[in-house]
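The structure under discussion appears below in the form of structure tokens.
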Amino acid sequence: MIQDPTLKIIEPNNAPFVIAAFYKFTNFSPNRLEAIRSHLKEDFSAVGIKGTLLLAPEGVNGTIAGSYHAINSALNVIKQLPDCSDINHFISYALEPPFQKLKVRLKTEIVRMAIPTVNPNQVVGTYVDPKDWNRLISESDIITIDTRNDYEVEIGTFKGSINPRTEAFRQFPSWVKTNLNPLKNRRVAMFCTGGIRCEKGTAYLKEQGFEEVYHLKGGILNYLKTIPESESLWQGECFVFDDRVSIKHNLNVGSYKWCPTCDAPVQHGQVCCPTYDFGDDKKLG
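The C-terminal residue of the sequence shown carries number 391 in the working numbering, and the numbering is unbroken.
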């Protein structure tokens with residue numbers, strides 16, 4: 107069982123649901139993964155946490171939601187995992203439950219690229235803090251790439267960034283081979299929602315011989331939380347993989363919902379199909 111923590115990791119908030127997103131590339135023993143999975147699922151279930159947690163030999167990746175005390179306790183447990191004491195987490199809040207169930211799953215990768223030689227535990231690009239991101243992507247010789255899926259990019263991205271139009275992250279290496287050249291594209295900056303895809307993407311580019319590779323530390327979530335909207339180069343909203351569907355600056359809930367018929371995000375005022383009713387939550391997946 108999760109014990110009442112002595113370490114306060116997050117600050118209290120009046121919102122009924124606290125959402126924590128986190129990941130860490132590390133080296134878990136494959137023989138211990140099932141025991142870790144069972145331990146986490148039992149502990150998180152006991153305090154009513156919902157969300158998704160992925161475990162693989164290369165690390166941990168998750169987004170979970172619950173009460174303030176439940177999330178604070180859960181983060182204490184996550185930080186006790188091997189080599190996870192310094193794991194970064196990003197906190198946001200919601201008035202409605204963003205997840206309906208808890209999933210703790212074992213995977214071969216915490217973000218799938220399907221190239222075994224790519225190891226973010228050995229080499230990654232240079233982290234760029236949100237406060238320095240605007241300056242970097244405004245430089246004339248920088249190519250800025252959005253490593254997310256096409257439907258995510260469609261509702262929001264950074265000004266001037268390239269959309270590879272991938273349907274899954276595992277397609278990213280093929281796009282790189284077709285569209286980038288380490289001899290010509292010497293400076294590349296990448297970003298994604300929380301940092302995990304662009305971090306693994308930088309590991310791949312470094313393996314391919316790209317010298318100057320940068321990625322946004324903490325991803326879009328960290329940027330939207332840190333940078334005032336008046337100074338932001340972000341355009342639109344940011345897709346998230348839970349019932350909020352999208353978020354805006356300061357991590358406020360956005361204006362999109364999910365249409366299960368079209369299998370796509372839809373914004374208030376848009377009509378995507380005859381069966382969709384924006385105001386009827388029962389029709390949302």
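Just so you know, even glycine gets a beta-carbon here, dropped at the ideal spot from N, CA and C.
Given a cut-off of 7 Å on the beta-carbon distance, is the pair K130 and D235 in contact?
no
Are G154 and A176 close, meaning C-beta to C-beta below 7 Å?
yes
Kindly give me the distance between the Cβ atoms of F128 and N328, rounded to whole angstroms, as I take these residues to be in contact under 8 Å.
Actually they do not touch by this definition, with Cβ atoms about 12 Å apart.
I'd like the list of long-range same chain contacts for D189, defined as Cβ closer than 8 Å, with 5 residues on each side in sequence excluded.
K130, T132 and N133
Comparing C-alpha positions only, which one of Q228, S144, I216 and S191 sits nearest to L208?
S144
Spell out the partners DSSP gives H321 in its beta bridges.
Y233 and M296
Close Cβ partners of T158 (< 7 Å) along its chain, the five nearest in sequence each way excluded:
G168, T169 and K209
Kindly indicate which three-state DSSP category D252 falls into: helix, strand or coil?
Of the three classes helix, strand and coil, the one that applies to D252 here is strand, per DSSP.
Which term fits D348, buried or exposed, when burial requires 16 or more other beta carbons within 10 angstroms of its beta carbon?
buried
From this set, D256, P204 and L161, which residue's C-alpha is nearest L187's C-alpha?
L161
When you compare the region 271-283 with the region 359-367, are there three or more beta-carbon pairs, one atom per stretch, that lie closer than 8 Å?
no
Does DSSP put H195 in a helix, in a strand, or in coil?
strand
Between the alpha carbons of Q341 and Q206, how many angstroms are there, rounded?
30 Å
Cβ neighbour criterion (16 or more within 10 Å) applied to P371
Note on P371: 16 or more other CB atoms within 10 angstroms of its CB, so buried under the neighbour-count rule.
N291 and I248 - do their beta-carbons sit closer together than 7 Å?
no
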